[in-house]
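Note sheet for the following structure.
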Amino acid sequence: MFARSARRIGALAALLAVTASPAFALEAAEGAQTSLLDPNVGVMFWTLIIFGLLFAVLAKFAFKPIFAAVEAREKALEDAIEGAKRDRAAAEAILAQQKAHLETARTEAQQIIADSRATAEKMRTDLLALTKTQQEEMIEQARRAIEGEKAAAIAALRTEAIDLAIAGASRVIEQNLDSTGNRKIVESFLASLDGAKGTR
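In the numbering used here, the protein residues as written are 912 to 1111.
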């Protein structure tokens, strides 16, 4: 449609030029000494007629499509700007959401690290307490074993001392005494020695 309008405008301009050229030729023949700055009524008349016709043709055929194209372009630019604003707002919302997720993840990671440290510290404390308890139990068992072995050694030494005393006494008196009675005598003697040691 715009090409057809342009052709019509071109044809009209050619027609006006053809009709205006005899008037210009006539004016040139009448006054050879005319200046371009001098006002010429005929030229002004035809210029106004041509301008009015050209303006009417342009108003009817060219201005509407040109204005429509300009308005469509402005509308497209406004839509593009609005779309860019919407995209920017969406990107900012996504960025804020990502920052919030990142902050949440960072907080959770710090909490996990703190929980791990607390768990490790508790395990360390529990292991130290268990080790200490086991050491004390082992020391107590060793002490009881030593006490048992000491008591067994003392009992063995007493028995051996009694046997030696009886054997020595038997030789001294050169007769074989009753071993049960002799044992009782020596045990009571040793007990009296232990009692005397305890009173000192």
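For each residue, glycine too, the CB sits at the ideal point set by N, CA and C.
Taking the CA atoms as reference points, alanine 979 sits about 53 Å from threonine 1015.
For alanine 973, there is no enclosing alpha helix (DSSP H), as DSSP marks it with neither H nor E. Counting C-beta pairs closer than 8 Å gives three or more between the segment 1096-1103 and the segment 1069-1078, which meets the contact rule. Under the three-state reduction of DSSP, leucine 948 is assigned to coil, being neither helix nor strand. Residue environment for phenylalanine 972: buried (at least 16 other C-beta atoms within 10 angstroms of its C-beta). Pairing valine 952 with leucine 964, the inter-Cα distance amounts to about 18 Å.
Aspartate 1037 and aspartate 1026 have their C-alpha atoms some 16 Å from each other. Looking at the backbone, the Cα of alanine 1053 and that of lysine 1061 are separated by about 12 Å.
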